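J.: In the working numbering, the protein residues as written are 391 to 1191.
For every residue, glycine included, the Cβ atom is placed at its ideal position computed from N, Cα and C.
Please read these numbers as outputs of a predicted model, since none were measured by experiment.
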Amino acid sequence: MKSHYRVVVIGGGVVGTSVLYHLAKMGWSDVCLIERSVLTAGSSWHAAGGIHALNADPNIANLQAYTIDLLSEIEKESGQNIGLHMTGGLTMAGTPDRWEWLQSAYRTFQSIGIEDCRLVSVEEAVELNPIMSGEGLLGGMWADREGYVDTTGVVHAYAGAAKKNGAEVIEHNRVLELNQTLEGWEVVTEKGTISCEHVVNAAGLWAKQVGRMAGIELPVSPLNHHYLISDTIPALEELDFEVPMTVDLEGFTYMRQDQKGLLLGIYEVDHQHWMMDGAPWEYGFELQQEDPDRIEKELIMGFERYPALQDVGVKTWVNGAFTFSPDGNPLVGPVPGKRGYWSACAVMAGFLQGGGVGKSLAEWMINGEPEADVYGMDVARYGVWAENKQYIKETTGQFYTRRFVMTYPNEQLPAGRPLKMAPAYSDMTEAGCKWGQSWDMEVPLYFAEKGFEETPSLKRSNAFDIVAKECKAVREGVGLLDISGFSRFEVSGAGAEEWLNTIFATKLPKAGRSRLAVALGEDGRLKGDLTLFNWGDGTWWIMGSYYLRAWHMRWFDDHMGANVQVRDLGDEMCGFSLSGPKSRAVIEKLTDGAVGDLPFMGCGSFDIGLLRCKVGRLSVTGELGYEINCRMGDHIALRKALLAAGADEGIVEIGFNAMLSLRLEKSYGIWSAEFTQGYTPGMTAMDRWIDFDKEGFVGRDAALAERDGNGPAQVQVTLEVDADDADASGYEPVWDNGKKVGFVTSGGFGHTLGKSYAMALVDAGSASEGSALSVHIVGKERAAKVIAPSPYDPAGKAMRA
Ligand SMILES: Cc1cc2nc3c(=O)[nH]c(=O)nc-3n(C[C@H](O)[C@H](O)[C@H](O)COP(=O)(O)OP(=O)(O)OC[C@H]3O[C@@H](n4cnc5c(N)ncnc54)[C@H](O)[C@@H]3O)c2cc1C
391 MKSHYRVVVI GGGVVGTSVL YHLAKMGWSD VCLIERSVLT AGSSWHAAGG
441 IHALNADPNI ANLQAYTIDL LSEIEKESGQ NIGLHMTGGL TMAGTPDRWE
491 WLQSAYRTFQ SIGIEDCRLV SVEEAVELNP IMSGEGLLGG MWADREGYVD
541 TTGVVHAYAG AAKKNGAEVI EHNRVLELNQ TLEGWEVVTE KGTISCEHVV
591 NAAGLWAKQV GRMAGIELPV SPLNHHYLIS DTIPALEELD FEVPMTVDLE
641 GFTYMRQDQK GLLLGIYEVD HQHWMMDGAP WEYGFELQQE DPDRIEKELI
691 MGFERYPALQ DVGVKTWVNG AFTFSPDGNP LVGPVPGKRG YWSACAVMAG
741 FLQGGGVGKS LAEWMINGEP EADVYGMDVA RYGVWAENKQ YIKETTGQFY
791 TRRFVMTYPN EQLPAGRPLK MAPAYSDMTE AGCKWGQSWD MEVPLYFAEK
841 GFEETPSLKR SNAFDIVAKE CKAVREGVGL LDISGFSRFE VSGAGAEEWL
891 NTIFATKLPK AGRSRLAVAL GEDGRLKGDL TLFNWGDGTW WIMGSYYLRA
941 WHMRWFDDHM GANVQVRDLG DEMCGFSLSG PKSRAVIEKL TDGAVGDLPF
991 MGCGSFDIGL LRCKVGRLSV TGELGYEINC RMGDHIALRK ALLAAGADEG
1041 IVEIGFNAML SLRLEKSYGI WSAEFTQGYT PGMTAMDRWI DFDKEGFVGR
1091 DAALAERDGN GPAQVQVTLE VDADDADASG YEPVWDNGKK VGFVTSGGFG
1141 HTLGKSYAMA LVDAGSASEG SALSVHIVGK ERAAKVIAPS PYDPAGKAMR
1191 A
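1. Hey, would you say Gly745 sits closer than 8 Å to Leu423, going by beta carbons?
2. With His663 as the anchor, note down where its alpha helix (DSSP H) starts and where it stops.
3. What does the alpha-carbon distance come out to for the pair His562 and Leu429?
4. Taking the C-alpha atoms as reference points, what is the distance between Asp872 and Gly1023?
5. Does Glu832 come out as helix, strand or coil in the three-state DSSP assignment?
6. Compute the minimum distance between the beta carbon of Gly601 and the heavy atoms of ligand 1, and state whether it is under 7 Å.
7. Does Glu887 come out as helix, strand or coil in the three-state DSSP assignment?
8. Taking 7 Å as the cut-off, is the C-beta of His562 nearer than that to any heavy atom in ligand 1?
9. With Ser877 as the anchor, note down where its beta strand (DSSP E) starts and where it stops.
10. Counting pairs of Cβ atoms below 8 Å between the segment 1053 to 1061 and the segment 1136 to 1148, do you hit three or more?
11. Could you give the residue range of the alpha helix (DSSP H) that holds Gly1036?
12. Can you tell me whether Val1017 is helix, strand or coil according to DSSP?
13. With the cut-off set at 8 Å, would you say Thr786 and Leu916 are in Cβ contact?
14. When you compare only the Cα positions, how much space is there between Ala438 and Gly822?
15. For ligand 1, any of its heavy atoms closer than 7 Å to the Cβ of Val559?
16. Need the endpoints of the alpha helix (DSSP H) that Asn452 sits in, please.
17. Helix, strand or coil, according to DSSP, for Glu694 in the structure here?
18. Beta-carbon within less than 6 Å of Ala551's beta-carbon, same chain only, minus the 5 sequence neighbours each way: which residues are those?
19. Grouping DSSP H, G and I as helix and E and B as strand, with all else coil, what is Gln1106?
20. Between the Cα of Pro834 and the Cα atoms of Tyr815, Ala984, Phe499, Gly524, which residue gives the shortest distance?
21. Tell me whether Arg1053 is buried or exposed, calling it buried when 16 or more other Cβ atoms sit within 10 Å of its Cβ.
22. Identify, in the order they occur along the chain, each residue of the same chain with its Cβ nearer than 6 Å to the Cβ of Leu453, setting aside the five sequence neighbours on each side.
23. For Pro1192, does the count of other Cβ atoms within 10 angstroms reach 16, so buried, or fall short, so exposed?
24. Go through the segment 723 to 747 residue by residue and report every complete run of the alpha helix (DSSP H) that reaches 4 residues or more, in order.
25. By DSSP, does Glu567 sit in helix, in strand, or in coil?
26. Mind reading off the beta-carbon distance from Ala1191 to Pro1184? Whole number of angstroms is fine, and I expect it under 8 Å.
27. State yes or no: is the C-beta of His949 within less than 8 Å of the C-beta of Pro813?
28. Mind listing, in chain order, the continuous alpha helix (DSSP H) runs of no fewer than 4 residues lying wholly within the segment 937 to 992?
29. What are the partner residues of Phe1139, as DSSP defines its beta bridges?
30. How is Tyr548 classed by DSSP in three states: helix, strand or coil?
31. Whether or not the segment 885 to 896 and the segment 724 to 743 are in contact is what I'm after, with contact meaning three or more pairs of Cβ atoms, one per stretch, closer than 8 Å; do they touch?
32. Report the residue from Val1105, Lys581, Val544 whose alpha carbon sits nearest the alpha carbon of Ser427.
33. What's the gap between the Cα of Glu844 and the Cα of Ile856?
Next up, the structure:
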C-alpha cells in the first residue's frame, strides 16, 4: 500500500471493483481499492446473480445492456470464470393492464435500441419454460440476453482485470476516517493513512457510515430480501436445456435454475428494513434468519407458478440485505458540496447495473461528464430533505414493496408526502387541487370537484375533461397557476455579468428584460434550458426546473467565477403565473405601477396589492402572461389578491397538466423530455438561442463544431398523431415505412386544437414537414404526420399581445 493514490475506492463488492476496473481501463492506473474484509464480503457474495433487461428508465436499461455485454469481456480479460448462464429470460404478465404495459415496454426497448427481445404468448412461454404453469397469465416478453452469473466470480473478474491494468486491491483494511484536504482527501485506514485526490464510496451495506465519515447523509437504506434454493427437481433432470430466468410480475417472484433445482426470489409486499444506519462493522458472511411466515402469500403464488416446487424440499434459504435509494435507482456521481467525494452506492442490482455505474463514474471523473445521460442515477437528484430517516424509510419501503407492482403514468404514490407545501397549499386543496410531487414540493396537477378520484390508467384518464376546461380558461380568459415549483437562483456581485456570460451560451438580457438562456456542458451538450432575468439593479435571476435545484447548483459551484455569489432562493421565494388574454386586466387592477406596459419578456419589481413582487411578462402557455414571484410568506395573500381581482374576468385556477397540454400546442420543449444532457443544441433547435459570436462560454468549441459540421443526424419535430384513447408520453418508437427513425420525447392531447400531439427526435431524412410516419402508443401503431412547430398560434401573436 502506498501513501498516495490518485483515487481510493472504498468497498470491494461488485460496484467498487467495477469502478476500479473502469478507472484503470481508461488509463488511470494510480488507483486502489480498500476492502474491510475480503472481496465480496457485503451483499455481493450472496446475491442471486440474476441479470435482466427490463428497467423503467430507458437510460438505465441502456446501462444494464452495457453491463451484460461487459460480463464476457471481463471474463476474457481477467481469465476468471464468471459462471455466465445466458439462459434467456421471460417476464410474464397476469392482468390485462400489465399485458398492455408489457407490450408498450417492448416498444420502448425497440426505441432505445434493445432489439433482442420479443413478445410471446403464454403457450410459447410455457414451451420455453416447461416447469412454469401458464395459469392466469396473459402473455410475456422474451429477452435473449438474460440469465445469471456466479457472483463471486464476477467480483474477482472485475478486480483481476483492474489489477492487470495497474490498479491495486488491498483487503483486510477498514477505512476508519475521511478528512478533506486542500488536495482532496486523507483516508485513514487500519493499515495507515493515504492521501488522494478522489475518494469513492462504494461501501454497499456500509455506505451510510462511509458517507457520515465525510459529513454526508446519503438517502440509502438496506432492506432484507429472501430467496430459496430447492432440492433437485426430477423434471429439470429430464430437460436437455436450462429453463430461462423468469419473472412473474403479478406473483412478486423471480426464478432461475440452480444446478438441477430452482432458485425462487421474492419481493415481499410486507417489506423489512435492516440496519438503517448501516451494517455493523463486524458483519460479514452472515445471513438473517429466514422468515417464511412474512412471505407466505408470495411463496404460495410461487409454488403455484412452479408446481414442481411442491414435491421437493428447500435446500437453502437466503435472507440477506441490500441497499435501496428512495426511487430504487443508484446514487452515483460527485456529491454536491464535497469536492472529490464520489458516490457509487445504493446499487440495488449490482450484477446488472454495476458495469454501467462503473463506466459512468469513471468517465465522469476522468472526462468531467459521463457519456450517457445518467440523471436517473445522479446523486444530485436528491436534496437535503432526503436525508430524513423517516423519508428514507417510507420511500425505500414503498419502492421495495412495489418492485413488481405496476405504476401507472398518472398515479401518485404516497410515501414521503406531503413534504414541502407552498403556503397556499391548504387553501388550494380546499379549492379542489389534486397534487403531484416535484422533488420535495407538492405541485398542483388540476382542480376537481369534491370527491373526484382519478383512475390510474395507461390511457387518457377521467381527469381528461377537467384538464380540457382549464386549458379553455387559459386560451379564452385567464388561468392562475401556482409556480412555487420553479427553481430560482439569485446571481449578484461585481463578477456576476462576466460569470453569466461564461455559464450561458446565450446573449444576456438587457436591464429590465428576461431571456431563454441555454447552458452547455464542456462537451457542448445541453446543461440547462433556463430563463435569465436582469432586474436592472445588479442582481439577476436564473429560473428553471425545481427538481434540478441541487443538480444545477452543483454545476454552478463547479464553474464558479470570481466576485460572484449564487444563491438558491428555492426555499425563500415562490409565486403564481397568470396567463390568458385577460391576464393583463387582472394584474393591472392590483397595481398603479406600469406593469401593464411591460413588453413581452420584460421584467421588474412591482407592488401587487399589498405585496412587493418581482414580475416577468412571459408564460409557457403561449398566451399573454405574467410570472409573479413573491416571498414565501406572501403566497397566501398573493393568491387571494389575484383571485379577487380576477373574479370579474372569470379567473380559473389551473394545474401543471393543463400547462403541459398548452405548451405542447406551442411545441415548447421541457427538460427531461425534449432537452436532456444527452442531446445537443442542433438536435433540439436550442442552437437558435446561442450567441456564437460570444467568446469564452462553456461548450463553445463543441457548439461551433456542431454548427459548422454536417448537421445532426436526428432532429426534433412536432407530430400530429392519429390517436383516439391514449396519447404518447415518451420513448415510443417512431417509424417511417416500417423503419425505426426515432422516438417520442413527450406527447399529450392538445385540448384547444382537439388533437393528439407528440414531440420526437427523428432521423433528419424523415423530419420534413408532411412526412407520414407512425408511432406506437400503449403497444398500438398509430399514424403520425410531421407538422410545422407550434400548431397553435405559430406567429406568437397571443403571447406578444
Ligand atoms: C438475497 C439477495 C439477492 C440478490 N439478487 C441479485 C440479483 O439477482 N442480481 C443482482 O444484480 N443483484 C442482486 N442482489 C443485489 C446485489 O447483491 C447488490 O446490488 C450488490 O451486491 C451491491 O454491491 P456493492 O458493491 O454496492 O455492495 P457490497 O457488496 O455490500 O460491497 C460493499 C463492500 O464495501 C466494503 N466496505 C464497507 N465499508 C468499508 C470500509 N469502511 N472500509 C473498507 N471496506 C468497506 C464491505 O466489506 C463490502 O465488501 C441481491 C442481493 C441480495 C441480498
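T.: On the basis of the supplied data:
1. no
2. No alpha helix (DSSP H) contains His663, which DSSP labels as neither H nor E.
3. 9 Å
4. 14 Å
5. strand
6. no
7. helix
8. no
9. 876 to 882
10. yes
11. 1025 to 1036
12. Sequence check: residue 1017 is Glu here, not Val. Reduced to three states, the DSSP call for Glu1017 is strand.
13. no
14. 47 Å
15. no
16. 448 to 468
17. helix
18. Tyr411, Ile464, Glu467, Ser468
19. strand
20. Tyr815
21. buried
22. Gly746
23. Outside the displayed range of the chain (391 to 1191) lies residue 1192, so it cannot be described from this structure.
24. none
25. strand
26. That belief does not hold up - the Cβ atoms of Ala1191 and Pro1184 are roughly 15 Å apart, past 8 Å.
27. no
28. 939 to 948, 973 to 978
29. Ser1146
30. helix
31. no
32. Lys581
33. 11 Å
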